[in-house]
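Novice: Chains as they are written, first to last, in full-length UniProt numbering: chain A, 1 to 260; chain B, 1 to 260.
No residue lacks a Cβ here, since even glycine has one placed at the ideal position from N, Cα and C.
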DNA sequence: CCGTAACGCGTATGTCATACGCAGAAGGGG
DNA sequence: CCCCTTCTGCGTATGACATACGCGTTACGG
């Protein structure tokens with residue numbers, strides 16, 4: 001229906017075109033004074049310094065020494081800038097050492113998950129960018145690919161590999177969001193992380209009714225809430241469960257019929 | 001430090017105060033012409049009809065037959081309205097039939113996850129509300145409590161129960177976000193869900209380089225992408241993995257030493 | 001060497017959340 | 001019984017913000 005052949009083939013969503021560097025740089029007009037890279041880098045800097053909310057077209061333009069509207073010569077909309085920021089800040093994956101050393105899929109997938117988590121923690125504002133559908137940018141694909149490769153020796157069906165990758169990836173993101181929220185609370189009030197969790201525990205103790213919430217009450221009394229200072233605890237715990245679950249699937253698949 | 005005793009005890013974050021119905025209705029001024037409930041209900045209606053983005057203070061006020069600013073007599077800020085909307089739309093959990101019938105923790109937790117998912121699917125806009133830290137509203141606590149109760153017979157430590165609940169809950173949410181994004185894409189362009197996934201597959205085929213992305217290429221060739229029409233597939237798959245992982249943990253805990 | 005396409009950007013528009021203050025309503029204390 | 005305090009609804013104003021539009025300018029291709 002709306003088929004419009006330009007240079008390559010079909011109608012890529014402008015932002016993808018930009019992310020893949022497929023923008024046709026015309027040889028006609030004046031020299032561009034800016035570049036996509038500079039703009040995206042400036043936006044990333046702003047986000048890192050003052051959070052995603054501080055990333056406005058005006059602010060980025062100012063940071064880059066141009067006027068607000070000139071940015072629209074490089075970026076079709078703010079959402080596109082978001083996509084590019086994500087792509088730049090996340091970056092491509094490092095090679096997995098577990099794959100090179102010939103370790104099993106479990107080590108490889110764990111390393112993959114940790115690497116992903118590290119990137120998110122380095123740029124917590126990434127988590128504030130609303131997810132816009134399935135991955136289609138270069139780095140997203142590269143990470144996806146690496147996740148599949150981590151499962152290469154597992155004997156899983158192709159579709160299952162992707163499902164597992166998706167599952168783990170979503171887990172990493174969820175856990176990181178939790179951390180980001182905690183970090184936000186820490187910044188919002190000017191206190192220490194411990195104080196935030198302590199304050200949360202106090203709030204809970206006030207709101208929880210032992211009759212209506214016996215389980216949570218038991219949790220509060222058990223003191224399990226106060227001790228674990230380890231910020232990696234929930235991540236490690238969840239990942240371990242997830243990997244166990246994948247292992248169970250692999251065992252099931254292994255022993256069963258080799259499906260076409 | 002900033003301790004200010006008002007009516008009850010400490011300084012609850014205004015929105016929580018409202019969610020728990022602890023607003024001190026003063027007996028002094030004129031009769032309020034509106035009510036929190038009416039406002040929240042109107043906001044929920046708007047979100048259900050036109051999406052969360054359509055929920056502006058002006059629009060809600062109009063819907064309720066009042067002026068924009070009058071809403072601020074009931075709600076301290078828009079974020080508070082969000083919290084209340086979430087609370088209202090999510091609602092309290094139904095009793096778990098698996099618990100009443102004496103089924104095991106696995107059935108109970110699966111039922112719990114499905115119930116949660118159903119609520120999210122009924123109000124996809126819920127997923128667009130940024131998560132604001134750990135749960136502290138009545139319904140959030142009730143769901144949390146029910147999750148813990150589902151794990152009652154498991155023999156897990158209190159802390160582990162909560163970690164599992166968090167893990168499953170985050171999974172449900174992640175998966176729902178995926179569905180919401182797909183639904184959004186379906187609405188944005190005017191096409192059918194199948195057409196959206198087909199278009200995605202076409203885009204991938206164009207972008208994926210078989211040399212650089214052998215795993216994804218294999219996935220695309222395997223045709224695994226085209227067949228599974230079942231919208232519940234990823235949910236069921238992920239939940240099964242997760243439950244298997246929890247089962248492994250329970251077996252480990254069961255057989256091992258009963259830690260303090 | 002000129003037409004044309006791309007550039008930088010000023011201006012304008014429309015949408016929001018929300019601060020501020022006023023005028024009217026309604027209890028409660030004298 | 002009345003007035004004063006307190007709360008109500010709400011008009012107005014402010015300040016961000018994204019972004020459409022169009023103008024003057026630049027520089028390459030014919």
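(1) Classify residue 68 (chain B) as helix, strand or coil using the three-state DSSP reduction.
(2) Could you tell me the boundaries of the alpha helix (DSSP H) in which residue 213 (chain B) lies?
(3) Whole angstroms are fine: how far does the CA of residue 196 (chain B) sit from the CA of residue 182 (chain B)?
(4) Quick one, which of B:177, B:148, B:218, B:241 has its alpha-carbon nearest residue 218 (chain A)'s?
(5) In whole angstroms, give me the CA-to-CA distance for residue 215 (chain B) and residue 145 (chain A).
(6) If distances are taken between C-alpha atoms only, which option among A:119, A:125, A:150, A:157 comes closest to residue 139 (chain A)?
(7) Verify whether the separation of the beta carbon atoms of residue 137 (chain A) and residue 136 (chain B) is less than 8 Å.
(8) Report yes or no: do the region 224-234 of chain B and the region 223-235 of chain A share at least 3 C-beta pairs separated by less than 8 Å?
(9) Sorted by chain position, which residues of the same chain lie with C-beta nearer than 6 Å to residue 111 (chain A)'s C-beta, five sequence neighbours on each side aside?
(10) Do residue 142 (chain B) and residue 80 (chain B) have their C-beta atoms closer together than 8 Å?
(11) Find the nearest neighbour of residue 78 (chain A) within the set A:55, A:175, A:177, A:62, judged by alpha-carbon distance.
(12) Which residues in the same chain as residue 73 (chain A) place their Cβ atom closer than 7 Å to its Cβ, once the five residues preceding and following it in sequence are excluded?
(13) So is residue 23 (chain A) in contact with chain B if we call contact Cβ pairs under 8 Å?
(14) Does any residue of chain A have a CB that is nearer than 8 Å to the CB of residue 253 (chain B)?
(15) In chain order, what residues of the region 133-154 of chain A put their CB closer than 7 Å to some CB of chain B?
(16) Tell me whether residue 184 (chain B) counts as near the ligand MG, meaning its Cβ is closer than 7 Å to at least one heavy atom of that ligand.
(17) Would you say residue 270 (chain B) and residue 168 (chain B) are within 8 Å of each other, going by their C-beta atoms?
(18) So, at 6 Å on beta carbons, what are the nonlocal neighbours of residue 177 (chain B) in its own chain, with the 5 sequence-adjacent residues on each side left out?
(19) Given residue 47 (chain A), which residues of its chain have a CB within under 6 Å of its CB, disregarding the five upstream and five downstream residues?
(20) What are the residues in the region 227-246 of chain B lying within 9 Å of chain A by C-beta distance?
(21) Using a 10 Å radius around the Cβ and a threshold of 16 neighbouring Cβ atoms, would you call residue 187 (chain A) buried or exposed?
(22) For residue 230 (chain B), name the three-state secondary structure that DSSP assigns.
(23) Determine, using beta carbons only, whether residue 215 (chain A) comes closer than 8 Å to chain B.
(24) Below 7 Å on C-beta distance, what does residue 162 (chain B) contact in chain A?
(25) Please classify residue 194 (chain A) as buried or exposed, where buried requires at least 16 neighbouring CB atoms within 10 angstroms.
(26) How is residue 153 (chain B) classed by DSSP in three states: helix, strand or coil?
(27) Compare the beta carbon distance of residue 244 (chain B) and residue 244 (chain A) with 8 Å and say whether it is the shorter of the two.
(28) Do residue 189 (chain A) and residue 249 (chain B) count as a contact pair if the criterion is CB distance below 8 Å?
(29) Within a Cβ cutoff of 6 Å, which residues of the same chain sit near residue 210 (chain B), ignoring the five residues on either side of it in sequence?
(30) Would you mind working out which of B:39, B:26, B:184, B:160 sits nearest residue 75 (chain B), comparing C-alpha positions?
(31) So, using beta-carbon positions, are residue 89 (chain A) and residue 159 (chain B) closer together than 8 Å?
(32) Looking only at its own chain, which residues have a Cβ that is under 8 Å from the Cβ of residue 117 (chain B), when we skip the five neighbours before and after it?
(33) For residue 162 (chain B), count the other beta carbons within 10 Å of its own beta carbon; 16 or more makes it buried, fewer makes it exposed. Which is it?
(34) How close, in whole Å, do the beta carbons of residue 87 (chain A) and residue 19 (chain A) come, if the pair is a contact with beta carbons under 8 Å?
(35) Among B:130, B:246, B:30, which residue has its Cα nearest to the Cα of residue 153 (chain B)?
(36) Provide the residue span of the alpha helix (DSSP H) that contains residue 129 (chain B), from first to last.
Specialist: The structure says:
(1) helix
(2) First-last for residue 213 (chain B): undefined, no H or E at that position.
(3) 8 Å
(4) B:148
(5) 6 Å
(6) A:119
(7) no
(8) no
(9) 96, 98
(10) no
(11) A:55
(12) none
(13) no
(14) no
(15) 133, 134, 136, 141, 144, 145, 148, 149
(16) The ligand MG is not part of this structure, which contains no ligands at all.
(17) In the structure as shown, chain B begins at 1 and stops at 260. Residue 270 (chain B) is therefore absent and cannot be evaluated.
(18) 127
(19) 55, 125
(20) 227, 228, 233, 234, 237, 238, 240, 241, 242, 243, 244, 245, 246
(21) exposed
(22) coil
(23) yes
(24) 219
(25) exposed
(26) helix
(27) yes
(28) no
(29) 217
(30) B:39
(31) no
(32) 172, 175, 176, 235
(33) buried
(34) 5 Å
(35) B:246
(36) Residue 129 (chain B) -> no alpha helix (DSSP H), and no H or E assigned at all.
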